[in-house]
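With the numbering used here applied, the sequence shown covers -4 to 116.
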Amino acid sequence: YIKRAKAGEHDAMIYGWTGDNGDPDNWLGVLYSCAAVKGSNYAKWCDPAYDKLVQQAKLTSDRDERIKLYQQAQHILKQQVPITPIANSKVFQPMRQEVQDFKISPFGLTPFYGVSLGTVK
């Protein structure tokens, strides 16, 4: 299935993706950029205007500017509909009740700084 999808032998497909760092580029660049057409862009969609916005957003450190650029890129994505999201995944981090002050990292790490074990109430 994936091999045929990577080869572009599909009109439609179902594929899952869970971002690992919380940055919009982890979706908008990795999955839908022109550079990703031969990789993770299974839609094989490439729009130069979209690509330019995503690249500009990726390069700026101005948070408000990034938001604006990514919103414009998403507008193009919504208009052209190369993908249709149908679900949103939840990531769970199970742990014992005694664990205190553990914070889930948006980077897929397991940081134990400040974590302690207490008593179960």
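Think of the CB as a built atom: it goes at the ideal place given N, C-alpha and C, for glycine as much as any other residue.
Small disclaimer: the values here were computed from a predicted structure and weren't measured.
Report task. Return the chain-ordered ranges of every beta strand (DSSP E) run that is complete within the region 69 to 111 and spans a minimum of 3 residues. Result -> As summarised for the region 69 to 111, there are no continuous beta strand (DSSP E) elements at least 3 residues long confined to that stretch.
Query raised in the report: How is K39 classed by DSSP in three states: helix, strand or coil?
Result: Residue state for K39 is assigned as coil, using DSSP reduced to three classes.
Report task. With DSSP collapsed to three states, give me the class of N21. Result -> It is helical.
Query raised in the report: Using 8 Å as the threshold, is the region 95 to 103 in touch with the region 19 to 30, meaning 3 or more CB pairs across them?
Result: By the Cβ rule, the region 95 to 103 does not count as touching the region 19 to 30, because fewer than three pairs are nearer than 8 Å.
Query raised in the report: Can you tell me the Cα-Cα spacing of H70 and K(-2), whole angstroms?
Result: About 30 Å.
Query raised in the report: Run through DSSP, which three-state label would A44 get?
Result: In the structure shown, the three-state DSSP call for A44 is helix.
Query raised in the report: Within the chosen definition, does the region 73 to 82 reach the region 47 to 62 through at least 3 CB pairs nearer than 8 Å?
Result: Fewer than three pairs of CB atoms, one per stretch, sit closer than 8 Å, so the region 73 to 82 makes no contact with the region 47 to 62.
Requested in this report: Kindly give me the distance between the Cβ atoms of D15 and F102, rounded to whole angstroms, as I take these residues to be in contact under 8 Å.
Outcome: Sure, about 7 Å apart at Cβ, within 8 Å.
Query - Close-in-space but distant-in-sequence residues of the same chain around D20 (CB under 8 Å, 5 per side omitted) - result: Contacts found: V49, A52 and K53.
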